[in-house]
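Inspection log for the structure reproduced underneath, given as structure tokens.
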Amino acid sequence: MISAAVIGAVVGLLIGIADFVVLGAAARNGGASRGGALRFIRLMSLVVFPIVGWFVGPIVATSLFPSSLGG
């Protein structure tokens with residue numbers, strides 16, 4: 840069985856990919872003045888969201904299903 844931390848990381852990665860795509864569209868429409876900052880934020884979202892999901896996943900899982908996780 841997959842752990843809650845792994846599920847949280849995968850969900851975080853999916854959110855990070857969606858954020859990457861949306862911010863990419865904003866960078867294309869916004870011109871070159873914000874390009875560097877948006878590129879940095881886009882790349883950081885691919886790193887930060889899975890890490891946050893890794894830690895938040897077990898917290899959410901234990902609050903939703905306390906008996907199945909031994910809580």
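According to this note's numbering, the sequence shown is numbered sequentially starting from 840. By construction, the Cβ of each residue, glycine as well, lies at the ideal position given by its N, Cα and C atoms. The structure displayed is predicted, hence computed values, not measured ones.
- Query: What is the rounded straight-line gap between the Cα of S861 and the Cα of A876?
  - Reply: In the sequence as presented, Ser is not what sits at residue 861; that position holds Val. About 14 Å.
- Task: Look at G851 and F888 and say whether their C-beta atoms are less than 8 Å apart.
- Result: yes
- Query: Beta-carbon separation of S884 and G855 under 8 Å?
  - Reply: yes
- Task: Whole angstroms is fine: what's the gap from V845's alpha carbon to R881's?
- Result: 22 Å
- Message: Once the 5 residues before and after G847 are set aside, which same chain residues still bring their CB inside 6 Å of it?
- Response: G892, W893, V895, G896
- Distance, I898 Cα to N868 Cα: 38 Å
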